[in-house]
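Residue numbers (this note's numbering), protein chains in the order written: chain Z, 79 to 192; chain W, 28 to 138.
Written below as C-alpha cells is the structure these notes are about.
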Amino acid sequence: DVKVTQSSRYLVKRTGEKVFLECVQDMDHENMFWYRQDPGLGLRLIYFSYDVKMKEKGDIPEGYSVSREKKERFSLILESASTNQTSMYLCASSFVLWSNYGYTFGSGTRLTVV
Amino acid sequence: QQQVKQSPQSLIVQKGGISIINCAYENTAFDYFPWYQQFPGKGPALLIAIRPDVSEKKEGRFTISFNKSAKQFSLHIMDSQPGDSATYFCAAINTGNQFYFGTGTSLTVIP
C-alpha cells in the first residue's frame, strides 16, 4: 500500500512564527500536493510539485511556500503564520498528474495558529 | 469560483435509509468523476468513480448516477449504516489538466 505520512497530527503555533509541515511518500510518485481543508470550502489546492525542485502554485498559494529537495519529501512552509491559516492541511501524492490513478492522501495535520 | 458544486453540506439519515449526495459541474472537459470518503482523523480515500460514458456504476451499497446532459452526478448509499458516517467529497478530473473537489458532505447515520 502507498503510504503518505505527515509528520505531525496536531500543531499549535503563534502568530508570526515560521511553520514547516512535512510530508513523505514511499511509492516513488512523481507528483505531490498540498491542500487545505476548511468546513464548507472543501479541499483547496495550495501548491503542487511534479518533480524534484519543481513547484507550481495552486488555487490559494498566498502566504505559503513549498520545498521539494528529494522525490519522496514535500514540505509546506508558512513564512509568517497568521490566524487565518488555522486549518487542516492534507498532503497527497500521485503517479500521474491530475489523474485519479494512485492519488493517495496523508492523514492530515491540524494546525492552529494563536 | 467553485468548479464542482456539492450539496447538501450535511445530511442525517436513519440506519437502513438511503443517503443521497449531489454534485454539479460546468466544465464539459471533465472526464472522470470520483467520490472520496473521509473518516475523522484520516485523509480522504477513493470510494467509487465513474466516467461520463456510463450512466450508473454500482459497488456494493454505493452507486454513482451520472447525468451527462444535466452535468450532474450523485452518490447513493443504500441501506446506510452508522459505519458510513463520514465526510464525502465528489471530484471532477480533466485528466492531465485539472482536478477539483466539491465542498464536502458530512453524513451522520443514526442507529
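For glycine and all other residues, C-beta sits at the position ideal for the given N, C-alpha and C.
Minimum Cβ-Cβ distance from residue i to chain Z less than 8 Å
{"i": "Gly110 of chain W", "result": "no"}
{"i": "Asn49 of chain W", "result": "no"}
{"i": "Gly68 of chain W", "result": "yes"}
{"i": "Phe100 of chain W", "result": "no"}
{"i": "Gly43 of chain W", "result": "no"}
{"i": "Ile39 of chain W", "result": "no"}
{"i": "Gln36 of chain W", "result": "yes"}
{"i": "Ile104 of chain W", "result": "no"}
{"i": "Phe57 of chain W", "result": "no"}
{"i": "Asn121 of chain W", "result": "yes"}
{"i": "Leu134 of chain W", "result": "no"}
Close Cβ partners of residue i (< 7 Å) along its chain, the five nearest in sequence each way excluded
{"i": "Ser34 of chain W", "result": "Asn49"}
Residue i in three-state terms, based on DSSP
{"i": "Gly87 of chain W", "result": "coil"}
{"i": "Asn124 of chain W", "result": "coil"}
{"i": "Pro61 of chain W", "result": "strand"}
{"i": "Gln36 of chain W", "result": "coil"}
{"i": "Ser161 of chain Z", "result": "Position check: residue 161 of chain Z holds Thr in this sequence, whereas Ser was assumed. Note: Thr161 of chain Z maps to helix in three-state DSSP."}
Residue range of the beta strand (DSSP E) that includes residue i
{"i": "Arg188 of chain Z", "result": "187-191"}
{"i": "Thr130 of chain W", "result": "That residue, Thr130 of chain W, is in no beta strand (DSSP E); it is neither H nor E in DSSP."}
{"i": "Glu147 of chain Z", "result": "142-148"}
{"i": "Val81 of chain W", "result": "Here Val81 of chain W belongs to no beta strand (DSSP E), and DSSP marks it neither H nor E."}
{"i": "Val97 of chain Z", "result": "97-103"}
{"i": "Leu119 of chain Z", "result": "Leu119 of chain Z -> no beta strand (DSSP E), and no H or E assigned at all."}
{"i": "Asn54 of chain W", "result": "That residue, Asn54 of chain W, is in no beta strand (DSSP E); it is neither H nor E in DSSP."}
{"i": "Gln99 of chain W", "result": "99-104"}
Any chain W beta carbon closer than 8 Å to residue i
{"i": "Asn178 of chain Z", "result": "yes"}
{"i": "Phe152 of chain Z", "result": "no"}
{"i": "Tyr136 of chain Z", "result": "The sequence given here places Gly at residue 136 of chain Z; Tyr does not occur at that position. False, the Cβ-Cβ gap to chain W never drops below 8 Å."}
{"i": "Phe183 of chain Z", "result": "yes"}
{"i": "Leu99 of chain Z", "result": "no"}
{"i": "Leu119 of chain Z", "result": "yes"}
{"i": "Leu168 of chain Z", "result": "yes"}
{"i": "Leu175 of chain Z", "result": "yes"}
Cutoff 8 Å; reference residue i; Cβ partners in own chain excluding five residues on either side
{"i": "Lys148 of chain Z", "result": "Val130"}
{"i": "Glu53 of chain W", "result": "Gln30, Lys98"}
{"i": "Asp106 of chain Z", "result": "Lys149, Glu150"}
{"i": "Val192 of chain Z", "result": "Val90, Lys91, Arg92, Thr93, Thr161"}
With 16 other Cβ atoms within 10 Å as the buried cut-off, status of residue i
{"i": "Gly110 of chain W", "result": "exposed"}
{"i": "Val81 of chain W", "result": "exposed"}
{"i": "Phe98 of chain Z", "result": "exposed"}
{"i": "Arg114 of chain Z", "result": "buried"}
6 Å Cβ shell around residue i - same chain, five flanking residues per side excluded
{"i": "Glu150 of chain Z", "result": "Val102, Gln103"}
{"i": "Ser158 of chain Z", "result": "Gly94"}
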